[in-house]
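Residue numbers (this note's numbering), protein chains in the order written: chain A, 1 to 265; chain B, 266 to 566. All remarks here apply to the structure that follows.
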Amino acid sequence: MTKAYLSIEGLGVSFTRGATTSEVLRDVNLTVDKGEYVSIIGHSGCGKSTLLNIVAGLIPISTGAVILDGQAVEAPGPERAVVFQNHSLLPWLSVYENVKLAVDKVFGSTRSAKERKEWVMHNLALVQMTHAKDKRPSEISGGMKQRVGIARALAMEPKVLLLDEPFGALDALTRAHLQDSVMDIHAKLGNTVIMITHDVDEAVLLSDRIVMMTNGPAAQIGDILNVSLERPRDRLAVAARPDYIRARASVIEFLYARHNLREAA
Amino acid sequence: MAMPALKTEEAAAAPAAAQLPPAAIHALPPRNSPSTERLIRGASAFAAQVLPPLFTLVLLLGLWQFMMASRTDGLPAPTTIWLESKELILNPFFDNGGIDKGLFWHVLTSLKRVAVGFSLSAIVGVALGVLIGSNKWAHRGLDPIFQVLRTVPPLAWLPISLAAFHQANPSALFVIFITAIWPVIINTAVGVRNIPQDYINVGRVLRLSPLEFFVRIMLPAATPYIFTGLRIGVGMSWLAIVASEMLLGGVGVGFFIWDQYNSSRISDIVVALIWVGLTGYALDRAVALLGRLVSRGSSAS
Numbered sequence: 001m002t003k004a005y006l007s008i009e010g011l012g013v014s015f016t017r018g019a020t021t022s023e024v025l026r027d028v029n030l031t032v033d034k035g036e037y038v039s040i041i042g043h044s045g046c047g048k049s050t051l052l053n054i055v056a057g058l059i060p061i062s063t064g065a066v067i068l069d070g071q072a073v074e075a076p077g078p079e080r081a082v083v084f085q086n087h088s089l090l091p092w093l094s095v096y097e098n099v100k101l102a103v104d105k106v107f108g109s110t111r112s113a114k115e116r117k118e119w120v121m122h123n124l125a126l127v128q129m130t131h132a133k134d135k136r137p138s139e140i141s142g143g144m145k146q147r148v149g150i151a152r153a154l155a156m157e158p159k160v161l162l163l164d165e166p167f168g169a170l171d172a173l174t175r176a177h178l179q180d181s182v183m184d185i186h187a188k189l190g191n192t193v194i195m196i197t198h199d200v201d202e203a204v205l206l207s208d209r210i211v212m213m214t215n216g217p218a219a220q221i222g223d224i225l226n227v228s229l230e231r232p233r234d235r236l237a238v239a240a241r242p243d244y245i246r247a248r249a250s251v252i253e254f255l256y257a258r259h260n261l262r263e264a265a
Numbered sequence: 266m267a268m269p270a271l272k273t274e275e276a277a278a279a280p281a282a283a284q285l286p287p288a289a290i291h292a293l294p295p296r297n298s299p300s301t302e303r304l305i306r307g308a309s310a311f312a313a314q315v316l317p318p319l320f321t322l323v324l325l326l327g328l329w330q331f332m333m334a335s336r337t338d339g340l341p342a343p344t345t346i347w348l349e350s351k352e353l354i355l356n357p358f359f360d361n362g363g364i365d366k367g368l369f370w371h372v373l374t375s376l377k378r379v380a381v382g383f384s385l386s387a388i389v390g391v392a393l394g395v396l397i398g399s400n401k402w403a404h405r406g407l408d409p410i411f412q413v414l415r416t417v418p419p420l421a422w423l424p425i426s427l428a429a430f431h432q433a434n435p436s437a438l439f440v441i442f443i444t445a446i447w448p449v450i451i452n453t454a455v456g457v458r459n460i461p462q463d464y465i466n467v468g469r470v471l472r473l474s475p476l477e478f479f480v481r482i483m484l485p486a487a488t489p490y491i492f493t494g495l496r497i498g499v500g501m502s503w504l505a506i507v508a509s510e511m512l513l514g515g516v517g518v519g520f521f522i523w524d525q526y527n528s529s530r531i532s533d534i535v536v537a538l539i540w541v542g543l544t545g546y547a548l549d550r551a552v553a554l555l556g557r558l559v560s561r562g563s564s565a566s
């Protein structure tokens with residue numbers, strides 16, 4: 001058996017607040033290969049964000065383990081960079097400074113000041129944001145903020161890039177632009193990516209595999225779908241393909257026929 | 266050959282022209298040059314800000330004059346104040362030695378005390394606020410005590426500090442310090458506790474050290490709150506200095522007021538009150554302005 005790059009083994013998470021304990025995730029097992037793009041989809045409250053935060057190290061594990069490149073995940077770190085849903089850029093820093101903060105912290109001892117500066121600009125160029133490098137987050141649009149958030153995460157050279165509903169707060173057109181950008185970057189750099197989403201089309205278009213979560217409490221992985229569409233994928237050309245339609249249909253079938261939200265029914 | 270062509274054009278144009286009423290010609294008023302217009306706009310905005318308070322002031326002064334002019338006892342009327350304290354109003358910079366000085370020097374002495382006492386309370390207050398804002402046990406241990414102590418009136422601290430320091434000047438400084446520190450502590454603590462979880466997560470993912478986290482994330486995120494506390498604090502310290510100087514004596518606007526009261530020079534007291542009020546207002550604006558400059562962009566998301 002070959003060792004996976006990232007493996008989640010027998011993961012269980014429960015939160016205790018006062019006398020009540022709520023089990024969020026139960027016995028989650030998942031392996032992700034290097035360079036793979038994996039989406040996690042499920043209804044609200046199914047614990048998909050919890051799963052991502054566990055991999056990020058932001059939430060402590062109750063049972064089981066997360067192992068990345070041979071090392072157990074115990075705390076947050078830049079090798080598991082997160083792109084947060086609401087960008088979470090620091091508003092008192094400019095676009096450049098936001099990325100610079102991460103670069104200085106991660107490469108402060110290994111790269112010269114000049115190399116670090118170039119690396120910041122390189123990553124801003126990757127997301128086409130060099131023109132706004134001196135702007136504050138409040139002066140740029142939501143889509144631009146998310147681009148900078150992606151640049152900041154990429155600049156850490158993470159082993160795995162964690163995207164927490166990165167396009168959730170954006171309008172449909174901006175979202176499509178950003179999805180294309182992320183696909184380009186993934187093709188160029190070959191990052192290992194885990195993305196949380198609740199958008200079926202987004203999951204099918206971007207992912208190699210789609211992990212579908214059952215409803216909580218004690219959510220589990222219900223099914224995993226392989227998306228075998230070859231890359232690069234063009235959203236127009238792909239949309240009419242039978243295998244795209246089939247993949248989309250099976251995710252929808254999972255979400256709405258097999259695991260529909262009880263309160264919604 | 267040309268004539269028929271012209272005719273058809275006329276014929277085509279005629280019905281269209283018949284539907285349209287003749288265009289009325291309006292004479293536009295002559296345009297002012299842009300700089301003149303800007304000047305006028307600026308002047309009218311200024312007038313809109315300044316005229317209403319000026320109007321209120323004149324109204325109140327008129328009412329005061331009307332009520333007090335015919336009496337010889339009680340509060341002196343504005344005109345009486347002008348006659349009695351002309352010297353004090355017109356020359357704030359005289360210095361005849363001792364405590365016989367112009368109001369400017371009294372206010373300056375008080376301001377120096379506030380500068381020292383308030384700086385101390387700003388430094389200690391932010392430090393304590395960060396401590397109880399970021400540490401659950403420090404919060405549980407200290408917050409109830411702070412909540413009780415902050416309600417103690419400034420003057421009640423004076424006997425305690427006199428007993429502790431034996432001297433007037435450090436006692437006055439302590440009273441300012443202890444009065445101004447509570448809003449700084451409490452607002453800083455609220456600011457620190459309200460740092461968005463996202464910013465904290467950014468710090469955790471980047472593995473910022475506690476010191477880096479403090480400098481790069483906690484302080485900038487809490488800055489708007491800190492300045493709210495500082496602004497309340499500077500106002501309270503000005504309240505405290507005037508009150509404590511009344512009891513301590515020497516140079517200072519507080520003692521000046523007390524001294525004039527003992528000499529029954531009510532007019533001079535009214536003049537001093539105007540100085541106190543304007544200085545307090547200036548202090549408040551200065552801290553507010555500083556806060557805006559420092560926290561530019563901090564509160565926007």
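Every residue gets a Cβ at the ideal spot worked out from N, C-alpha and C, and that includes glycine. Keep in mind the model is a prediction, meaning the values are calculated, not measured.
By the three-class DSSP mapping on this structure, what secondary structure does residue i have?
i	result
residue 118(A)	helix
residue 249(A)	helix
residue 5(A)	coil
residue 56(A)	helix
residue 344(B)	helix
residue 547(B)	helix
residue 196(A)	strand
residue 15(A)	strand
residue 552(B)	helix
residue 395(B)	helix
residue 482(B)	helix
residue 213(A)	strand
residue 140(A)	coil
residue 420(B)	helix
residue 203(A)	helix
residue 231(A)	coil
residue 558(B)	helix
residue 405(B)	helix
residue 62(A)	coil
Let me know if residue i comes out buried or exposed under the rule of 16 or more other beta-carbons within 10 Å of its beta-carbon.
i	result
residue 268(A)	Here chain A comprises residues numbered 1 to 265, so residue 268(A) is not present and cannot be evaluated.
residue 539(B)	exposed
residue 352(B)	exposed
residue 459(B)	exposed
residue 36(A)	buried
residue 390(B)	buried
residue 118(A)	exposed
residue 43(A)	buried
residue 419(B)	buried
residue 525(B)	buried
residue 172(A)	exposed
residue 309(B)	exposed
residue 22(A)	exposed
residue 69(A)	exposed
residue 560(B)	buried
Is residue j closer than 8 Å to residue i when the C-beta atoms are compared?
i	j	result
residue 193(A)	residue 161(A)	yes
residue 216(A)	residue 47(A)	yes
residue 89(A)	residue 158(A)	no
residue 130(A)	residue 121(A)	yes
residue 545(B)	residue 374(B)	no
residue 124(A)	residue 151(A)	yes
residue 501(B)	residue 444(B)	yes
residue 300(B)	residue 536(B)	no
residue 247(A)	residue 204(A)	yes
residue 495(B)	residue 387(B)	yes
residue 549(B)	residue 84(A)	no
So does the region 222-237 of chain A actually touch the region 54-65 of chain A, counting three or more Cβ pairs closer than 8 Å?
No contact exists between the region 222-237 of chain A and the region 54-65 of chain A.
Indicate whether the contact test is met: 3 or more Cβ pairs, each with one atom in the region 97-110 of chain A and one in the region 180-197 of chain A, closer than 8 Å.
Contact check between the region 97-110 of chain A and the region 180-197 of chain A: fewer than three CB pairs, one atom from each, fall below 8 Å, which does not count as touching.
Closer than 8 Å is the cut-off here; do at least three beta carbon pairs connect the region 215-225 of chain A with the region 236-243 of chain A?
The region 215-225 of chain A makes no contact with the region 236-243 of chain A, as fewer than three CB pairs between them are under 8 Å.
Is it true that the region 359-374 of chain B meets the region 548-557 of chain B, where meeting means three or more beta-carbon pairs spaced less than 8 Å apart?
Counting Cβ pairs under 8 Å, fewer than three are found: no touch.
Say whether the region 198-214 of chain A touches the region 162-170 of chain A, bearing in mind that this needs 3 or more beta-carbon pairs closer than 8 Å, one atom from each stretch.
Yes, the region 198-214 of chain A touches the region 162-170 of chain A.
Counting pairs of Cβ atoms below 8 Å between the region 326-334 of chain B and the region 342-349 of chain B, do you hit three or more?
Counting Cβ pairs under 8 Å, three or more are found: they touch.
Taking a cut of 7 Å between CB atoms, which residues from the region 462-473 of chain B lie near chain A?
For the region 462-473 of chain B, the beta-carbon criterion of a distance under 7 Å to any beta-carbon of chain A is satisfied by 463, 464, 466, 467, 469, 470, 471, 472 and 473.
Give the residues from the region 50-82 of chain A that approach chain B closer than 9 Å (Cβ to any Cβ), ordered along the chain.
Listed by position along the chain: 53, 56, 57, 58, 75, 76, 77, 78, 80, 81 and 82.
Anything in the region 473-493 of chain B with a Cβ closer than 9 Å to a Cβ of chain A? List those residues in chain order, please.
Legend: CB atoms of the region 473-493 of chain B lying less than 9 Å from CB atoms of chain A belong to residues 473, 477, 481, 482, 485, 486 and 488.
Examine the Cβ distances between the region 444-459 of chain B and the region 480-496 of chain B and report whether three or more of them are shorter than 8 Å.
With the cut-off at 8 Å, the region 444-459 of chain B and the region 480-496 of chain B touch.
Taking Cβ-Cβ distances below 7 Å as the criterion, which residues of the region 84-118 of chain A are in contact with chain B?
Within the region 84-118 of chain A, the residues whose Cβ lies closer than 7 Å to some Cβ of chain B are 84, 86, 88, 90, 91, 92, 101, 102 and 105, listed in chain order.
Check whether the region 525-537 of chain B and the region 469-487 of chain B touch, using three or more Cβ-Cβ pairs below 8 Å as the test.
The answer is no - the region 469-487 of chain B does not touch the region 525-537 of chain B, with fewer than three Cβ pairs under 8 Å.
Evaluate contact between the region 78-94 of chain A and the region 467-478 of chain B, counting only Cβ atoms and requiring at least three cross-stretch pairs below 8 Å.
Contact between the region 78-94 of chain A and the region 467-478 of chain B is present, with at least three C-beta pairs closer than 8 Å.
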